[in-house]
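>
Protein chains: 2
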Amino acid sequence: MSLQRLFVDVHTHIYLPRYAALLRSRTNAPRIFSRTGPSGATEDRLVILDNEPSDGRPVGPQYWDRDEKLKFMDRHGIDISFVSTANPWLDFLPFADAQTLASELNAELESYCSTSPPLASGSHSLKRLYGIGLLPLVPNAPTSELPAAVHALAKAHSHVRGVIIGTRGAGNGLDDPALEGLWAALAETGLVVFLHPHYGVDGSAWGPLDNGHVLPLALGFPFETTTAITRLILAGILDRHPRLRILLAHAGGVLPQLSSRLASCIVHDPRVASRLQHDARWYLDRLYFDAVAYGSAELSFVSGAAREGSRRMLFGTDHPFFPPLGAEEKWRSVVENLEAIEGVGAWRDEERDGVRGGNALRLFGLA
Amino acid sequence: MSLQRLFVDVHTHIYLPRYAALLRSRTNAPRIFSRTGPSGATEDRLVILDNEPSDGRPVGPQYWDRDEKLKFMDRHGIDISFVSTANPWLDFLPFADAQTLASELNAELESYCSTSPPLASGSHSLKRLYGIGLLPLVPNAPTSELPAAVHALAKAHSHVRGVIIGTRGAGNGLDDPALEGLWAALAETGLVVFLHPHYGVDGSAWGPLDNGHVLPLALGFPFETTTAITRLILAGILDRHPRLRILLAHAGGVLPQLSSRLASCIVHDPRVASRLQHDARWYLDRLYFDAVAYGSAELSFVSGAAREGSRRMLFGTDHPFFPPLGAEEKWRSVVENLEAIEGVGAWRDEERDGVRGGNALRLFGLA
C-alpha cells in the first residue's frame, strides 16, 4: 500500500505498565483502584479528574496492554498509531520524580514502539507503533533543565517523535517567560508538541446539576486548549519560534471559531497588538489540528480557517476513552470521526487521504 | 424602503441615565468615576468587570445619550436598533432594589423607544428604536415572583420586545429548577431572551501575563455563553419550552464548533442522554445567533450548523463597546461585522438581507 493511503491515528493514549502501577499506588486522583463490580467480579476503575465522581470510570488492559492497542487498530483498519501517555502525565509529581519517570517511560515507550510489528505491506520499513513522549514539565520544575531533557529525548529515541504536554507548564502556564528555552529546544529538535487538556476550567462553571462528565469533557477540555494556545500566541512564542510544530487536541478546541473575535479584541488593545507580528488568524496557518471533532461541519470549518488547512488536520481516535456502551465491533467514537472525514464535501480525495494518514506521516517525519 | 431591506442592529447597549447614576454612586465594580485625563480635561471611566484594571475604560454619552445612539446609527446606515442595558444589568443588587429598578428602567426604555423618530420612509409605522428590557433576575431572587415580572413587562411596554439576561439566574445558573416558571412565562409572552455574558470564566485561567482585556473578552465571554446554553439544553429546558426564543450573544459563543463533541459526550453518558429528546445538534435549530463574530468564515459555519441557519442569524454591533482608536468616521468593529455578512459566499441575496435586518424584524414581531 502506498504511504499516502495509510491510515494513521495521532491521538491515542496509553498508560504504560510502570505508569499504571504508579496510579495504583495512589489514594487520590489520578488513581486506579479495584472494586467488586455489580456482577461480583473484580473491576478496575480510573479516577482521573479532581472533580470526578469518586467511582471514576472503567479502566483496563486497553490502557496498558500493547496487544489490545494493536487489536483495536486492526478492528478499525488503523495502520499506524502515535501513542501518548494519557493525562495528567507527570503533572502531579515533584520535579525529581517526574524527571526520573519521564526518562524511564520514554525508554519504555521507545521499546513499546520499536519492537512493534512492521507494517505488513510495502517496501517501506515502518512499524505499527510510534510514540509521543513525556517531559518533566511539572509545577516548580527548574526550567533551565528542560532543554536538556528535550535534546536527550530526541537523541535517544528514534521511535518517539514528539512530546505531549498539558497547559500548566512549570506552574504559571505555557506563556511563562521561563519556558523560552524549552520552546527553542523543541523547535530545534523538530519534536512535535501535542498540546492536550486536562484541567478544563474552574468546576464552579458547571453548576450544581449532575451532568456526569459531559460539561468538563465537551466544554472544559476545548476551553482549556483554546486558552493555552491563545496565551502562547499573545506571548509571541509562535512569532519567536517559527519552526515550532504544535498539534492541538480536539481540533484546536475553539480557536478557529473565535479567531476573528480574537483578532478584533487584539486590534482594540494596542499594547497587546503591538507585541504581535501578525493578525490573530494568521497563527492558524502555523498550527496542526487533530480531526477529533465528531462532525464534518466542524472539520470543514477548521480546515477552511487555515491556508492549506486540510494539510494541517490529522485523524485521531482518543482511544481508549469513549469506549462503546454495548458489544459493538467498532467503536462509535471512531466511526463518527471517520465518517466526519468522509463527509467533508470540500476535500478532494488526496486531501481526505492526507487527513486519514499522509499528513501525520509528513508531520512526524516518516514520509 | 421595503421592510426586507432594512438594516437592524440587535446587539447594541445603553446605560439609561438612571442606571449611569447608579454606577456613579458606587465605589467598586461596576462603577463609573471621573478623573483628570492625560490632556488635563475631566474624563469618565467605566470599570465593569471584577478583575479589570482599576482605571477601566472610557465611557461617555454614547452610553446614555439617545442622540448619540441615533448619530451612530445614521453614520453606519442602521435603520432600527434593539437597545439593551449593558452588563452586568442588575446582578449586583438585592432583589427588592433590582425589582424596583427593573420596573423603572423598563418604563424609561419604553419611553426612550416610543418617542424615538419614526423611520423616514415607507408606509409602515416603525420607530428607529426598540428595547430589550430587564428582569430582577438576581442572586437570591424569590423565583416565584419572576413570572409576574415577565408578564408585567410584556403587557405594559409595546416597544420593549425582549429581555436581556446574564448567566447566573437566581444564583445557581439558568438551569436552576426554580426558574421553570420563568421560562414558561417567557415562552408564553413571546419575549425574546437575549442571553449575554458578563463573568467569563475564573480569571486564574488567564495567567499572570498582562494581556489587557483580550482573554476575558475574546475567550471568557463566549465560554460563558456556551456553558450557559449547554446547561439549558442538558436540563431539558429547550425540550419543555419549545416556544422559548433565545438569542445568543456573539454568534452563540462556541456552541456550534462543539456541538458534535457535545453530542458524542452525551451519547457516552447514558444517564444524561436519557433525559434529552434530541441529539445535541438538534438544539441549534431552536436558537438564534447574533452575527457579531467579525469574520465571514465564522458566520458561514454557524449558519450552516442549523437548518435554515441564515434565518437564525441577526446583525449586531456591540455598540458602544469596541470604539475606534482613532478618528475614523466608521467604527472598525461595525465595518468588520458588515463585511463578514457581505462575504458569506453561501448566502443568497435574500438571506443576506435577512441577516442584516429581516430576521430581526420577524424575530421581534415587527414584520
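For the protein sequence lines, the chains are A and B, in the order given.
If you read the first sequence in full-length UniProt numbering, its first letter stands for residue 1, the second for the next number, and so on.
If you read the second sequence in full-length UniProt numbering, its first letter stands for residue 1, the second for the next number, and so on.
Backbone N, C-alpha and C define an ideal beta-carbon position, used for all residues, glycine too.
1) Name the residues in the region 257–268 of chain A whose C-beta lies less than 8 Å from a C-beta of chain B; which are they?
2) Could you give the C-beta distance for Leu-314 (chain B) and Leu-363 (chain B), rounded to a whole number, given that I count them as a contact under 8 Å?
3) Give the residues of chain A in contact with Asp-175 (chain B), contact being defined as C-beta atoms less than 8 Å apart.
4) For Asp-318 (chain B), I'd like the list of residues in its chain whose CB is within less than 6 Å of its CB, leaving aside the five on either flank, ordered along the chain.
5) Taking three-plus beta-carbon pairs below 8 Å as touching, is the region 212–223 of chain A in contact with the region 251–260 of chain B?
6) Apart from the five residues just before and just after Tyr-63 (chain B), which ones in its own chain have a Cβ nearer than 7 Å to its Cβ?
7) Can you tell me which of the three DSSP states Gly-345 (chain B) falls into?
8) Using a Cβ cut-off of 7 Å (strictly closer), state whether Gly-212 (chain B) contacts chain A.
9) Beta-carbon of Arg-35 (chain A) versus every beta-carbon of chain B: anything under 7 Å?
10) Would you call the CB atoms of Ala-185 (chain B) and Pro-147 (chain B) closer than 7 Å?
11) Residues in the region 150–182 of chain B with C-beta within 7 Å of chain A's C-beta atoms, listed in sequence order?
12) Report back the beta-carbon spacing between Glu-262 (chain A) and Ala-205 (chain B) to the nearest angstrom; my notes put them in contact at under 8 Å.
13) Which one or two residues does DSSP pair with Phe-194 (chain A) in a beta bridge?
14) Please classify Ser-116 (chain A) as buried or exposed, where buried requires at least 16 neighbouring CB atoms within 10 angstroms.
15) In the region 329–363 of chain A, which residues sit with their C-beta less than 8 Å from some C-beta in chain B, listed in chain order?
16) How many Å lie between His-137 (chain B) and Asn-172 (chain B) at the Cα?
17) In terms of residue numbering, what span does the beta strand (DSSP E) encompassing Thr-100 (chain A) cover?
18) Got a sec: which bits of the region 302–328 of chain B sit with their beta carbon under 7 Å from any beta carbon on chain A, in order along the chain?
19) Of all the residues that make up the region 238–250 of chain B, which are near chain A by a beta-carbon distance shorter than 8 Å?
20) Give the interface partners of Val-272 (chain B) over in chain A, defined as CB-CB distance under 8 Å, in chain order.
21) Using beta carbons (cut-off 7 Å, strictly below), is Ala-291 (chain B) in contact with chain A?
22) How should Arg-161 (chain B) be labelled, buried or exposed, when 16 other C-beta atoms within 10 angstroms of its C-beta is the threshold for buried?
23) What does the alpha-carbon distance come out to for the pair Val-302 (chain A) and Glu-298 (chain B)?
24) His-241 (chain A): buried (16+ other C-beta within 10 angstroms of its C-beta) or exposed?
25) Distance, Cα to Cα, Glu-308 (chain B) vs Ile-32 (chain B)?
26) Name, going along the chain, the residues of the region 131–147 of chain A whose beta-carbon falls closer than 8 Å to a beta-carbon of chain B.
27) With distances taken from CA atoms, which of A:Leu-182, A:Ala-235, A:Leu-215, A:Val-163 is nearest Val-248 (chain A)?
28) If I measure Cβ to Cβ from Gln-99 (chain A) and keep anything under 6 Å in the same chain, skipping five residues before and after, which residues do I get?
29) According to DSSP, simplified to helix, strand and coil, what is Ile-14 (chain A)?
30) Using DSSP's beta-bridge definition, name the partner residues of Tyr-63 (chain A).
31) From the beta carbon of Arg-231 (chain A), is the nearest beta carbon of chain B less than 7 Å away?
32) I'd like the list of long-range same chain contacts for Ala-305 (chain A), defined as Cβ closer than 8 Å, with 5 residues on each side in sequence excluded.
33) 7 Å is my cut-off, CB to CB: does Tyr-288 (chain A) come that close to chain B?
34) Check the Cβ-Cβ distances between Phe-223 (chain A) and every residue of chain B, and say whether any is below 7 Å.
35) Considering only C-alpha positions, which residue in the set B:Ser-125, B:Trp-183, B:Asp-176, B:Gly-133 is nearest to Pro-139 (chain B)?
36) Just mark Leu-287 (chain B) as buried or exposed, buried being the case when its beta carbon has 16 or more other beta carbons within 10 Å.
So, from the listed chains and residues:
1) Gln-257, Leu-258, Ser-259, Ser-260, Arg-261, Leu-262, Ala-263, Ser-264, Cys-265, Ile-266, Val-267, His-268
2) 7 Å
3) Gly-207, Leu-209
4) His-11, Val-292
5) yes
6) Ile-14, Tyr-15, Ala-20, Pro-320
7) coil
8) yes
9) no
10) yes
11) Asn-172, Gly-173, Asp-175
12) It is worth fixing the name first, because residue 262 (chain A) is Leu in this sequence and not Glu. Not quite, the Cβ-Cβ distance comes to about 15 Å (not below 8 Å), so this is no contact.
13) A:Ile-164, A:Leu-247
14) buried
15) Arg-332, Ser-333, Glu-336, Ala-340
16) A quick correction: the sequence has Leu, not His, at residue 137 (chain B). When rounded, the distance between both Cα atoms is 11 Å.
17) No beta strand (DSSP E) holds Thr-100 (chain A); the alpha helix (DSSP H) holding it covers 95–114.
18) Gly-304, Ala-305, Phe-322, Leu-325
19) His-250
20) Asn-211, Gly-212, Val-214
21) no
22) buried
23) 10 Å
24) buried
25) 42 Å
26) none
27) In the sequence on display, residue 248 (chain A) carries Leu and not Val. Of the listed residues, the one whose Cα sits closest to Leu-248 (chain A) is A:Val-163.
28) Pro-136
29) strand
30) In DSSP, Tyr-63 (chain A) forms no bridge with anything.
31) yes
32) Pro-256, Ser-259, Arg-281, Leu-284
33) no
34) yes
35) B:Asp-176
36) buried
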